[in-house]
Structures are given as C-alpha cells and as structure tokens.
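In this note's numbering, the protein residues as written are 3 to 355. For every residue, glycine included, the Cβ atom is placed at its ideal position computed from N, Cα and C. If you're wondering where the values come from, they're calculated on a predicted model, not measured in any experiment. Worksheet for the structure shown next.
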C-alpha cells in the first residue's frame, strides 16, 4: 500500500505529533512491524533510536541524574549508581516521555534493559560533569531558560491545538471514498508470535502451548518483541513484508494452527496464524487512524495560523527596524565593510633599499 500524504514511513506502532521549531508541524508516523522487515539494519537502528532518546532525553527528559536539588525520589530503587540512584518513578517518567513510536519497543524485557543501561550511562556522565563544574555557569543557565521557554510554548500549542482540531466521521468517509486505491492490498495474513533469544526457551514455551497453555499469556510473559503487550498479535500483513523464514512458516499454517520453532535473524519464533483474507480494499474501520493521521497536519496548521493571528490582534507590538537591521549576520557585514576603508587609509610601508 502507498504511503498517505504527509506520512513518511517509520518503524513504529502509533501516530505521533511534534512541535517543530518554526510552528506546530505534526509528524505523522505510519504503522510497521519493526522487527520483521527484510532490512535487519533498520531494525537495529530502532534500538539506537531508543538509546539516543534515553541518553539525551525526550520532551523534557527525566529527573534522574546527579542533581542535588532533586528532592525525594518516587518509587523503588532499580539501580544504584555511585552516590546516585535511578528509581521506578524515574524509569516510568522516562518511558512516558518517549516518542510514541519508541514506547512499544521500550516496554519489552530487552527494551527495558537497553533503556535502563542508557539511563545509568547518563547518570555517570552527569555525575562526572558535576565534578568538572560543567553543571554551572551562565551558558548552562541561558540554555536552561531557552529550553524552559520552548517547553512552555510546546505545552501551550499542544493544549490549544488538540482542543480545537477535530476530524469528523464525514471527513474520514470522504477521504476514504476519494482515495480507495491507496488502501488496496494483496492477499493478507494475520498472525501472533512469541520471540525469544534461544532455541531452548522456544522449545520450552512450545511444549507448554502443546500441553494446553494459553498462547497470548505466554507471549505477554516471555516474548521480547514489542507485540508482547498485545499477546504477540502482529495484525494483518501482506506477502513480502516479513523476513523469509517467518513468512514461509506462516504461509504453511492453517488458521489457528501453531508452528514449530522457527529460526530467523531476530531469534526463535513460535507463530500462530489467526486469519487469512483475499486481496481487496481494506475496510474503513481498519484504516481510520491512518486517514486521521493524513488529515491532521493541515487541520493543525490552520488552527496554529489562527492562534498566531488572534495573539497578534490582541497584542501591542512595536518592531524597531533600525535595531533589527544591525543584529545578526547584517551586523557582521557592516563591521567588515567599515574595517576595509580604515585599512586602506594606513600609510604604505617604506620600501627597503
């Protein structure tokens, strides 16, 4: 299926909106099964993105990290780092602040380990930076003030825009009818799976399933994939969207049948086929979120434009054009131009005989 307008393809499970530096510019994220694409390098980049988000912080970051003014921490300690600590409260706050498309991956056994390890590294960096005196000074204070202003602006815009932007059922139906060709798909399968790192783990889990164990519950408890939260459910997918070993095993199954252990580049899978459907146009109910994601950017931009106009109308603004003309790069050009005539006026050095 083609990407909808305004929908760059990403590895993620949900849609997310972000406030860009030049206004409220939502970033629409499409749905993908991040661990089963053919390009294994891209899946690894997802882990890198998770670590980067935890290391540098998202939407304000967490409160962990060597500050003496932190006050009492919430929750149980899950990691002691020299004189500091990371608590369940820190971790849950960090998880909450992650972009939507990273949350599902972070909320897996492997994802939690990766994120905690990165939080430990950040704590160590912050502690060392404090020892080096890098946590103080006018430059840090200026940047903190800038960050605070940006977060306040983001919170204001998020509140205002979300309150006013609405996509009606009529909007969804109209877009769907006008763009049905974008929702065509070939023959599709629906499957759930359990992914583990070792063959022994997979065989032990498969034995439990054969003995009558609940597939969904075992997936929630054991799978290291982000789909574990949904009992291993991967949703509908077309031929060619999964790695060959996984797809071959899924195609060989009958509905509600469970596979033997399947090895892929990602580990060891146990697959359960939960549905099949012929080629055709996907129903509106299934693509509502995608359509909403495609329609939201223009609607959000319209609301943001109105907010700007309303704020300006009710404000008293006086632009000092003469001052504006002498700041930034223009000021540097003026200085350079003034310097050249001064240099030309200097007397020439006497020639040596």
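Rounded C-alpha distance that separates residue i from residue j
i	j	result
residue 284	residue 294	15 angstroms
residue 219	residue 207	11 angstroms
residue 100	residue 212	38 angstroms
residue 129	residue 111	27 angstroms
residue 308	residue 257	52 angstroms
residue 247	residue 227	17 angstroms
residue 203	residue 145	49 angstroms
residue 180	residue 173	11 angstroms
residue 326	residue 313	22 angstroms
residue 122	residue 97	15 angstroms
residue 90	residue 113	15 angstroms
residue 305	residue 84	49 angstroms
residue 159	residue 250	48 angstroms
residue 147	residue 139	13 angstroms
residue 132	residue 165	41 angstroms
residue 118	residue 183	44 angstroms
residue 279	residue 116	37 angstroms
residue 324	residue 330	13 angstroms
residue 167	residue 298	8 angstroms
residue 149	residue 105	23 angstroms
residue 292	residue 82	43 angstroms
residue 300	residue 310	15 angstroms
residue 1	residue 289	Because the chain in this structure spans residues 3 to 355, residue 1 falls outside the shown range and cannot be described.
residue 317	residue 328	25 angstroms
residue 210	residue 287	35 angstroms
residue 189	residue 175	24 angstroms
residue 141	residue 93	29 angstroms
residue 151	residue 322	23 angstroms
residue 238	residue 277	8 angstroms
residue 266	residue 205	15 angstroms
Residue i in three-state terms, based on DSSP
i	result
residue 200	coil
residue 82	strand
residue 120	helix
residue 319	coil
residue 89	strand
residue 269	strand
residue 274	strand
residue 130	helix
DSSP beta-bridge partners of residue i
i	result
residue 279	190
residue 293	Paired residues: none, contrary to the question.
C-beta atoms of residue i and residue j nearer than 8 angstroms
i	j	result
residue 169	residue 217	no
residue 191	residue 275	yes
residue 125	residue 86	yes
residue 302	residue 163	yes
residue 177	residue 296	yes
residue 243	residue 187	no
residue 225	residue 198	yes
residue 281	residue 236	no
residue 272	residue 154	no
residue 222	residue 233	yes
residue 109	residue 231	yes
Check: residue i C-beta below 7 angstroms from any heavy atom of the ligand FAD
i	result
residue 198	The ligand FAD is absent from the structure shown, which contains no ligands of any kind.
Quiz item: Which full runs of the alpha helix (DSSP H) of 4+ residues lie inside the segment 205-263, going along the chain?
Solution: 217-224 and 246-253
Self-check item: Segments assigned alpha helix (DSSP H), at least 4 residues, entirely inside the segment 146-183
Solution: 171-180
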